[in-house]
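Data block below; observations after.
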Amino acid sequence: MRDHSNHIEVSREQAVELLGNAVTFNPKIETVKLDVSCVGRVLAADAVAKLDMPNCLTCKMDSVAVHWDDFKDGAPDTTGWQRGRDWEFANTGIGMPEGFDTAIVIEHVVLSEDNTTISFNALPSKQYAGTSPAGSRMRKGDVLVPAGSMLTPLLISHIASGNNTEVSVIARPKVAFIPTGSELVVPGSEIPRGKNIETNSLLAAAKIAGWGGECIVWDIIPDDPDKIKVAVLEAVSICDIVVVNAGSSKGSDDWNIEMLEEIGQVLYHETNHGPGHHSSGSVVEGVPIVGISGPPGGAAFTMDFYLYPLMRRHFGQSIELKKIDVRLMEGFSKKDPQQKKPSAETAKGEARPNIVADGREFFGIKQLKISMDGTEVWALPATTSHVGAPEAETMDCYFALSSLRKTPQKGDTITVDLRP
97 MRDHSNHIEV
107 SREQAVELLG
117 NAVTFNPKIE
127 TVKLDVSCVG
137 RVLAADAVAK
147 LDMPNCLTCK
157 MDSVAVHWDD
167 FKDGAPDTTG
177 WQRGRDWEFA
187 NTGIGMPEGF
197 DTAIVIEHVV
207 LSEDNTTISF
217 NALPSKQYAG
227 TSPAGSRMRK
237 GDVLVPAGSM
247 LTPLLISHIA
257 SGNNTEVSVI
267 ARPKVAFIPT
277 GSELVVPGSE
287 IPRGKNIETN
297 SLLAAAKIAG
307 WGGECIVWDI
317 IPDDPDKIKV
327 AVLEAVSICD
337 IVVVNAGSSK
347 GSDDWNIEML
357 EEIGQVLYHE
367 TNHGPGHHSS
377 GSVVEGVPIV
387 GISGPPGGAA
397 FTMDFYLYPL
407 MRRHFGQSIE
417 LKKIDVRLME
427 GFSKKDPQQK
437 KPSAETAKGE
447 ARPNIVADGR
457 EFFGIKQLKI
467 SMDGTEVWAL
477 PATTSHVGAP
487 EAETMDCYFA
497 LSSLRKTPQK
507 GDTITVDLRP
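In the numbering used here, the protein residues as written are 97 to 516.
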């Protein structure tokens with residue numbers, strides 16, 4: 097039996113720090129056309145305005161343009177007023193007609209059907225009322241969107257309003273996803289007895305794309321030490337980050353950790369939480385290797401915990417998941433397996449030994465759904481400790497439930513991590 101007694105266990109925070117500090121990213125910078133393909137890209141430099149906008153006195157709302165001099169002493173006699181000389185239509189966002197300096201919204205204007213007579217139900221309060229001066233929205237050289245921002249449809253539109261047609265962005269990180277396991281087969285194929293369908297590559301590719309990266313999925317690698325080494329070495333030669341899925345536990349065919357120790361440096365072998373206890377972090381030839389456990393439930397949030405921060409670091413962004421305080425609508429289940437320390441008499445051969453029996457703190461990762469009640473944020477824990485995919489997709493945040501501290505109850509305020 098292989099010796100796992102020297103495995104290094106760390107907290108989630110330590111894991112993120114260890115892996116993030118062990119590598120230095122030097123991403124390339126690209127100039128790309130400003131269009132819908134920019135959504136999800138990260139700006140490498142400030143996007144600035146190339147002109148003043150608006151470029152002249154502009155009407156704020158659908159209005160009638162008038163001369164302030166006609167109103168400075170009160171309501172004028174509009175008998176004989178003519179369109180184009182004394183008044184003119186002025187619409188939202190359009191430059192004021194030449195020579196006019198003040199606007200009265202159309203709802204306060206009374207016009208005859210043939211537009212030959214005009215009167216007003218309300219008067220302008222001052223000169224230039226109802227208008228926006230030139231340069232009031234932006235000045236040439238103003239920063240429209242700062243470097244480091246991930247572009248959204250609204251931000252792309254805002255940058256374009258400064259007369260920009262291209263932007264400077266950080267190259268998408270190339271992230272390899274290597275599924276390992278002799279028991280895995282691809283979806284849609286014949287499923288021999290005892291085989292499982294490999295789906296985590298779909299999960300990873302979608303997450304990576306959503307976080308601004310490019311996922312390169314490897315073919316399934318069987319539990320063969322040499323083939324695992326070849327795959328990892330090939331991946332680090334062309335990718336910025338590598339994700340190795342499964343093969344990190346203590347089974348007879350779990351070779352990933354040992355192979356990573358042979359070709360690189362393993363920073364930690366496991367984390368102090370479950371699911372996802374066998375999450376690891378390594379560096380091979382300067383490239384970070386994120387090891388995630390096999391089942392999709394654990395793989396989903398361990399990628400949030402450990403891959404997401406690395407991708408954020410690649411872009412020069414904050415690596416922390418956002419935290420908020422919430423009040424519990426219901427308490428956490430007291431049946432959580434990490435909350436009890438079974439005696440030797442109750443131990444069962446088919447059950448994994450209790451991980452906190454020696455008094456170490458361990459965390460059960462709980463998923464919660466957020467709702468608002470007035471100004472207060474509430475959270476409802478998932479109904480089961482092993483959350484299925486449909487329920488997991490309704491969850492908004494994570495909470496690490498300690499094995500040693502008091503279990504939060506209904507009405508308690510806790511701090512949770514928002515899903516990225």
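The beta-carbon is built from N, C-alpha and C at its ideal position, and this holds for glycine as well. No experiment lies behind these values; they were computed from the predicted model shown.
Are there 16 or more other CB atoms within 10 angstroms of the CB of residue i, so buried, or fewer, so exposed?
| i | result |
| --- | --- |
| Asn-368 | buried |
| Asp-131 | exposed |
| Asp-513 | buried |
| Pro-288 | exposed |
| Gln-463 | buried |
| Leu-115 | buried |
| Asp-169 | exposed |
| Lys-502 | exposed |
| Ala-300 | buried |
| Arg-408 | buried |
| Gly-347 | Because the pLDDT at Gly-347 is just 47, under 50, the model does not fix this residue reliably, and the value given afterwards should be weighed accordingly. Exposed, since its Cβ has fewer than 16 Cβ neighbours within 10 Å. |
| Asn-352 | buried |
| Leu-331 | The sequence shown places Ala at residue 331, not Leu. Counting Cβ neighbours within 10 Å, Ala-331 comes out buried, since at least 16 surround it. |
| Lys-124 | exposed |
| Asp-319 | buried |
| Ile-304 | buried |
| Asn-296 | buried |
| Ala-302 | exposed |
| Lys-419 | exposed |
| Val-128 | exposed |
| Ser-221 | exposed |
| Asn-117 | exposed |
| Gly-176 | exposed |
| Val-563 | Nothing in the structure corresponds to residue 563, since the chain is present only between 97 and 516. |
| Leu-250 | exposed |
| Gly-382 | exposed |
| Asp-336 | buried |
| Pro-405 | buried |
| Ile-293 | exposed |
| Thr-276 | buried |
| Ile-334 | exposed |
Can you give the beta carbon distance from residue i to residue j, rounded, assuming they're within the 8 Å contact cut?
| i | j | result |
| --- | --- | --- |
| Ala-199 | Cys-155 | 5 Å |
| Asp-158 | Val-201 | 7 Å |
| Ala-145 | Gly-258 | 4 Å |
| Trp-164 | Gln-223 | 4 Å |
| Val-138 | Ser-245 | 7 Å |
| Glu-105 | Glu-457 | Going by Cβ atoms, the distance from Glu-105 to Glu-457 rounds to 11 Å, so no, they are not a contact pair. |
| Pro-161 | Pro-193 | Looking at the sequence provided, one finds Ala at residue 161 rather than Pro. At roughly 5 Å, the Cβ-Cβ gap stays under 8 Å, so Ala-161 and Pro-193 are in contact. |
| Leu-417 | Pro-486 | At roughly 23 Å, the Cβ-Cβ gap does not stay under 8 Å, so Leu-417 and Pro-486 are not in contact. |
| Arg-423 | Thr-490 | About 19 Å separates the two Cβ atoms, so there is no contact after all. |
| Arg-108 | Phe-401 | 6 Å |
For the alpha helix (DSSP H) that residue i lies in, which residues bound it at each end?
| i | result |
| --- | --- |
| Arg-515 | Note, Arg-515: premise wrong, no alpha helix (DSSP H); not H, not E. |
| Ala-395 | 392-398 |
| Glu-109 | 108-117 |
| Tyr-404 | 404-410 |
| Asn-352 | 352-359 |
Grab the span of the beta strand (DSSP E) containing residue i for me, first residue to last.
| i | result |
| --- | --- |
| Ile-415 | Here Ile-415 belongs to no beta strand (DSSP E), and DSSP marks it neither H nor E. |
| Thr-127 | 125-129 |
| Pro-242 | First-last for Pro-242: undefined, no H or E at that position. |
| Gly-387 | 383-388 |
| Ser-519 | Outside the shown range of the chain, which is 97 to 516, sits residue 519, and nothing can be said about it. |
| Ile-337 | 337-341 |
| Val-379 | 376-380 |
| Ala-161 | 159-162 |
*Give, in chain order, every unbroken run of the alpha helix (DSSP H) that is at least 4 residues long and sits entirely within the stretch 451-494.*
Runs found: 485-488.
*asked:* Check whether the stretch 373-389 and the stretch 302-320 are in contact - that is, three or more C-beta pairs closer than 8 Å.
replied: Segment contact: the stretch 373-389 against the stretch 302-320, fewer than three CB-CB distances shorter than 8 Å; contact not assigned.
_Those runs of the beta strand (DSSP E) which lie wholly inside the stretch 257-335 and span at least 3 residues_ = Taking only runs of at least 3 residues, the beta strand (DSSP E) segments lying wholly in the stretch 257-335 are 262-266, 270-275 and 310-313.
_Given 8 Å, three or more beta-carbon pairs between the stretch 262-273 and the stretch 402-421_ = Using a C-beta cut-off of 8 Å, the stretch 262-273 makes contact with the stretch 402-421, since at least three inter-stretch Cβ pairs fall below that distance.
*Can at least three beta-carbon pairs, one atom from the stretch 273-290 and one from the stretch 492-502, be found at a separation below 8 Å?*
Touching, no, given that fewer than three Cβ pairs across the two stretches are closer than 8 Å.
*Could you give the uninterrupted runs of the beta strand (DSSP E) lying entirely in the stretch 168-221, keeping only those of 3 residues or more?*
Entirely contained in the stretch 168-221, the beta strand (DSSP E) runs reaching 3 residues are, in chain order, 184-186, 198-201, 205-207 and 214-216.
*Do the stretch 390-398 and the stretch 469-479 make contact, defined as three or more Cβ pairs closer than 8 Å?*
The answer is no - the stretch 469-479 does not touch the stretch 390-398, with fewer than three Cβ pairs under 8 Å.
*Could you tell me whether the stretch 334-344 touches the stretch 385-393, using the rule of 3 or more Cβ pairs below 8 Å?*
Short answer: they touch.
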